[in-house]
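Enquirer: Quick one: structure below, then a few questions.
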Amino acid sequence: MIAFLEGVVDAKGIDYVVLNVGGIGFHVKTSSHTSDEVGSVGSEAVLHTCFLIRDENPVLFGFDSTQERALFLDLISVSGVGPRVALALLSALRPGDLASAVACNDTGLLSKIPGVGRKIAARLCVELSTKMENYLGSPTGGGQPGDAELVEALMALGYTAREAVDAARKADSSAGTPLEQRIKKALGALAAR
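Okay, so the sequence shown: first residue is 635 according to this note's numbering, each after it adds one.
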């Protein structure tokens, strides 16, 4: 119904953006990544949108890219995954990282995201693994086979999934680098922020 909105950012929070479009303020629910990317208050922005009515409550969801919107729609097609859980997944992991976790059947990483348990993580992997090829072309960071192991190690140290994935992206991903050295580099990146 509403494919996108273009306007000025009037207000924003960790999970929403208010976009002023021709004098009308649209409250749009977003992932934290989209909220970060949209720019500061007063800047021009475009949000790709999805309008859903759940339990007689209309909600407008906004995304930084059409790819993120398509992934959101794939996520909510899975039984037990509603818009809130889908946004939590997209807030914790960027689309390429999320697609990689689903395609690699990384239920350990997925189940650590708030609102996603082992059953939902397994269901996501089973139902969506074949659809994830569409999203794997996006930058996923390091790309080394041990990336999931590095993210798991950082999360075991108390970092959130989003922090762990961002730090893994900054860690040395050259072939043959031992996990211990990559953990040290990732911890250095986390300390420097």
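Yeah, the Cβ is synthetic: ideal placement off N, Cα and C, and Gly gets one too.
Between the segment 711 to 719 and the segment 729 to 737, are three or more C-beta pairs nearer than 8 Å?
Expert: No, the segment 711 to 719 does not touch the segment 729 to 737.
Enquirer: Let's see if you can read the secondary structure: which residues bound the alpha helix (DSSP H) around A700?
Expert: Correcting the residue identity first, residue 700 is Thr in this sequence and not Ala. First-last of the alpha helix (DSSP H) with T700: 700 to 710.
Enquirer: Quick one: residues in its chain with C-beta nearer than 8 Å to the C-beta of T794, no 5 flanking neighbours on either side, listed in chain order?
Expert: Excluding sequence neighbours, T794 sits near A726.
Enquirer: With distances taken Cα to Cα, identify the nearest neighbour of A735 among I710, T764, G714.
Expert: Cα-wise, what sits closest to A735 is T764.
Enquirer: Once the 5 residues before and after R757 are set aside, which same chain residues still bring their CB inside 8 Å of it?
Expert: Hits under 8 Å: V712, S713, G714, V715.
Enquirer: Could you give the distance in angstroms between the alpha-carbon of L639 and the alpha-carbon of V680?
Expert: Going by the C-alpha atoms only, they are around 6 Å apart.
Enquirer: With T668 as the anchor, note down where its beta strand (DSSP E) starts and where it stops.
Expert: Careful: T668 lies outside any beta strand (DSSP E), inside the alpha helix (DSSP H) at 666 to 671.
Enquirer: Report all residues from its chain with a CB closer than 6 Å to the CB of D670; omit the five preceding and five following residues, and keep chain order.
Expert: The answer is none, since no qualifying residue turns up.
Enquirer: If we count the other Cβ atoms within 10 Å of its Cβ and call it buried at 16 or more, is L724 buried or exposed?
Expert: L724 comes out buried.
Enquirer: Assign H661 to buried or exposed, taking buried as 16 or more other Cβ atoms, counted over all protein chains shown, within 10 Å of its Cβ.
Expert: It counts as exposed.
Enquirer: Would the beta-carbon of P694 fall within 8 Å of that of I636?
Expert: Residue identity check: residue 694 is Leu in the sequence provided, not Pro. Yes. Within cutoff.
Enquirer: Would you check if the distance between the CB atom of A645 and the CB atom of V675 is smaller than 8 Å?
Expert: In this structure, V675 lies closer than 8 Å to A645 by Cβ.
Enquirer: So, using beta-carbon positions, are D708 and L743 closer together than 8 Å?
Expert: Contact flag unset, no.
Enquirer: Tell me the DSSP bridge mates of R688?
Expert: Beta-bridge pairing links R688 to N691.
Enquirer: With a threshold of 16 other CB atoms inside 10 Å of the CB of F706, please say whether the residue is buried or exposed.
Expert: By the 10 Å Cβ count, F706 comes out buried.
Enquirer: Taking C-alpha atoms, which residue in L791, P812, R816, G792 lies nearest to R803?
Expert: Out of L791, P812, R816, G792, R816 has the C-alpha closest to the C-alpha of R803.
Enquirer: Tell me whether L784 is buried or exposed, calling it buried when 16 or more other Cβ atoms sit within 10 Å of its Cβ.
Expert: It counts as buried.
Enquirer: In the DSSP assignment, find the unbroken beta strand (DSSP E) run with I658 in it and report its ends.
Expert: Per DSSP, I658 belongs to the beta strand (DSSP E) from 658 to 663.
Enquirer: Let's see if you can read the secondary structure: which residues bound the alpha helix (DSSP H) around A825?
Expert: That run of the alpha helix (DSSP H) goes 813 to 826.
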